[in-house]
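Engineer: Here you go, one structure.
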Amino acid sequence: MAKEINGEFTQRLTDWYRKNRRSLPWREDHEPYHVWVSEIMLQQTRVEAVRDYYLRFMRELPDIRALAEADEQTLLKLWEGLGYYNRVRNMHRAAVQIVEEKDGRFPQSYEEILALPGIGEYTAGAIASICFDQGSPAVDGNVLRVFSRLYEDRTDIKSAAAKKRIRAYLQSLYPESGCGDFTQALIELGALLCVPKGIPKCSLCPAAEFCRARENGTVQEFPVKVKKKERKKISKTVLILSCEGKTAVRQREKDGLLAGMYEFPNIDAQLTAEQALALAEQWGCEPRDLRRQLSCTHVFSHVEWEMTGYFIACGAAGGGFRWADDREMKEEIPLPSAFLYFI
Ligand code: ADE
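Here you go:
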C-alpha cells in the first residue's frame, strides 16, 4: 500500500529539493521582484529558454521602479520571442501601481499579491511562499501532474475542479517554515523526475513510497488530458520588403493577438509570387526583384498561421510602413517569434 501523504511527505520532498535543486539565477535570493519576473516568464516557457531573458531583463530593469518607468517598446523588445506579450504589459501596470500606492515595496500578503494585474493564484502562491514563507500553494501543470500520479486521479488535468481540489489539499501539507522550498520542491520534482514526456524517473523519486501510480504501474496513464478542439488554421502571405538596406515593418493593432508588436506587412491569403509582387506594387514599393521564398507554420494557443514569406527588393520605401535599418531591427523593433523566422 502506498503511504499516506502527510508531513513526512513534505519533509522528504523538501530535503530532496535542498540537495538536488538546480542552480537558477532567480533562486539566488528571495527578492520578490526577482521571483515575480521569473515566475511570469516561466509561465508557458521552458527554464532553459527563460534563463537569458531573465538575466537581460534584470540588467536593463534591475528593480520595480525601473520597470515602472520603462516604455512599452523597451518592454516588448525585452520580451521579444517569449510570446504572450500581455504578461509584460501587466507587469508594467503592476509595477506602476506598486510604486504609486506602496512607495515601491512589493505587497506581502497573498490577497494583496493576487490583486495585482497579471497575477493569478499560481503566481501569488509562488511569490507568497518563496519570498514571504507563507503556506500558499502554487499549483501549475507540473504540480497537477505530480498529484494526478500520486493519487491516480483521473480527473481532466485542465479542469478547474482538479486544480481547486489539489490546491485545498496541498494547503494542509505546508510546513511551519521553509514554505518556499516546499513550493519549489514540487515544481522541481515535476521538472526533473516526474516528467511530462518520456519515462518518469521513479527510482530516484523521494515520493515514490507515497505514489499509487508507481505502486500499480500506471504512471504512464497520468495525467488524463481531455483532447482540445483543433486550432483554427490561417493562411498568410508575408512580404519582407527591403529598400536601401532598410526593411518594411508596421505595428499591429492595439488589441488582439500580438497587440502592439511589429510585423512584416502581410495579408490573410495564400498569394503566388506574381500576386505578391503585384501587391508590393500596389503598396507603392516598386518591387524589383524576388529574392527568396520561405514557408513555415507558427502555432499559437488557439490558431495556427501557415505562412509563406516573399523576400522582395524594392525601389521605393512606400506603403506607409516604417522602414527600419539593421540596428533598429535588432535593438528597437519588437518582432514576435512568428516573424523572427524570416530574419
Ligand atoms: N517553473 C515555474 N516556477 C519555477 C521556478 N521557480 N523554478 C524553476 N522552474 C519553475
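The opening position of the sequence shown corresponds to residue 234 in the numbering used here, with each subsequent residue numbered one higher.
We put the beta carbon where it would ideally sit given N, CA and C, even for glycine.
What is the C-beta distance between E519 and G548, in whole angstroms, given that I count them as a contact (C-beta under 8 Å)?
Structural biologist: So it is a contact: roughly 4 Å between Cβ atoms.
Engineer: Write down every uninterrupted run of the alpha helix (DSSP H) in the segment 434 to 467 whose length is 4 residues or greater and which is fully enclosed by it, in chain order.
Structural biologist: Those alpha helix (DSSP H) runs which fall completely within the segment 434 to 467 and span 4+ residues are 445 to 449.
Engineer: Taking 6 Å as the line, does the beta carbon of L425 fall inside it for any heavy atom of the ligand ADE?
Structural biologist: L425: no, Cβ never under 6 Å from the ligand ADE.
Engineer: Could you spell out the range, first to last residue, of the alpha helix (DSSP H) harbouring Q330?
Structural biologist: Counting along the chain, the alpha helix (DSSP H) containing Q330 begins and ends at 319 to 335.
Engineer: As a quick exercise: from F554, E409, A492, pick the residue whose alpha carbon is nearest that of G240.
Structural biologist: With distances taken between Cα atoms, G240 lies closest to E409.
Engineer: Beta carbon of L288: closer than 6 Å to some heavy atom of the ligand MG?
Structural biologist: The ligand MG is not among the ligands present in this structure, which contains only the ligand ADE.
Engineer: Can you tell me whether K487 is helix, strand or coil according to DSSP?
Structural biologist: The answer is coil: DSSP assigns K487 none of H, G, I, E or B.
Engineer: With DSSP run on the structure shown, which of helix, strand or coil describes E564?
Structural biologist: Correct three-state label for E564: helix.
Engineer: Leaving aside the five residues before and after F572 along the sequence, list all residues of the same chain whose C-beta is less than 6 Å from its C-beta, in chain order.
Structural biologist: Closer than 6 Å at Cβ, skipping near neighbours: E496, F497.
Engineer: What are the partner residues of I545, as DSSP defines its beta bridges?
Structural biologist: DSSP output for I545 lists L474, L523 as bridge partner(s).
Engineer: Tell me which same chain residues have a C-beta within less than 6 Å of the C-beta of T356, skipping the five on either side of it?
Structural biologist: Correct list, in chain order: E272.
Engineer: Can you check whether the CB of P456 is closer than 7 Å to the CB of S392?
Structural biologist: Not in contact: S392 and P456 (Cβ atoms no closer than 7 Å).
Engineer: Check this for me: beta carbons of V372 and I331, under 7 Å apart or not?
Structural biologist: Contact: no.
Engineer: Of all the CB atoms in chain C, is at least one closer than 7 Å to the CB of R254?
Structural biologist: Absent from the structure is chain C; it holds one protein chain and no more.
Engineer: Just curious, the alpha helix (DSSP H) that R398 is in, first and last residue?
Structural biologist: Taken as a continuous stretch (DSSP letters only), the alpha helix (DSSP H) holding R398 covers 393 to 404.
Engineer: Could you tell me which residues DSSP pairs with H267 in its beta bridges?
Structural biologist: Beta-bridge pairing links H267 to no other residue.
Engineer: Which partner residues does C529 have in the DSSP bridge list?
Structural biologist: Partner(s): M540.
Engineer: Quick one: is E564 buried, meaning 16 or more other Cβ sit within 10 Å of its Cβ, or exposed?
Structural biologist: Classification of E564: exposed, given that the 10 Å Cβ count is below 16.
Engineer: Inspect the CB distances between the segment 290 to 302 and the segment 555 to 563 and report whether three or more fall short of 8 Å.
Structural biologist: Because the criterion of three Cβ pairs below 8 Å is not met, the segment 290 to 302 and the segment 555 to 563 do not touch.
Engineer: Per DSSP, what kind of secondary structure is I360 in: helix, strand or coil?
Structural biologist: Three-state DSSP puts I360 in a helix.
Engineer: In whole angstroms, give me the CA-to-CA distance for K335 and Y287.
Structural biologist: The alpha-carbon atoms of K335 and Y287 are separated by roughly 24 Å.
Engineer: Classify E313: buried if its beta carbon has 16 or more other beta carbons within 10 angstroms, exposed otherwise.
Structural biologist: Buried, by the Cβ-count rule.
Engineer: What are the residues that DSSP puts in a beta bridge with N253?
Structural biologist: For N253, which the question treats as bridged, DSSP gives no partner whatsoever.
Engineer: Rounded C-beta distance between I238 and F443? I'm assuming under 8 Å.
Structural biologist: Correct: roughly 5 Å between the Cβ atoms.
Engineer: Could you give the residue range of the beta strand (DSSP E) that holds A301?
Structural biologist: Not the beta strand (DSSP E): A301 falls in the alpha helix (DSSP H), residues 297 to 302.
Engineer: Identify the continuous beta strand (DSSP E) that holds W556 and give its terminal residues.
Structural biologist: Start and end: 555 to 557.
Engineer: Is S256 buried or exposed, if buried means 16 or more other CB atoms sit within 10 Å of its CB?
Structural biologist: When all chains shown are included, S256 counts as exposed.
Engineer: Since M324 and G358 should fall inside the 8 Å C-beta cutoff, what is the C-beta to C-beta distance between them, to a whole number of angstroms?
Structural biologist: Rounded, the Cβ-Cβ distance is 17 Å, inconsistent with contact.
Engineer: Please determine whether the Cβ atom of V280 lies at a distance below 6 Å from any heavy atom of the ligand ADE.
Structural biologist: Within the cutoff, so yes.
Engineer: Start and end of the alpha helix (DSSP H) containing L377?
Structural biologist: Per DSSP, L377 belongs to the alpha helix (DSSP H) from 374 to 383.
Engineer: If you draw a straight line from the C-alpha of N375 to the C-alpha of D304, how long is it?
Structural biologist: So the two alpha carbons sit approximately 34 Å from each other.
Engineer: So the alpha helix (DSSP H) K310 belongs to, where does it begin and stop?
Structural biologist: Where K310 is concerned, the enclosing alpha helix (DSSP H) stretches over 305 to 312.
Engineer: In the DSSP assignment, what residue or residues form a beta bridge with Y495?
Structural biologist: In the DSSP output, where bridge partners are listed per residue, Y495 has Q484.
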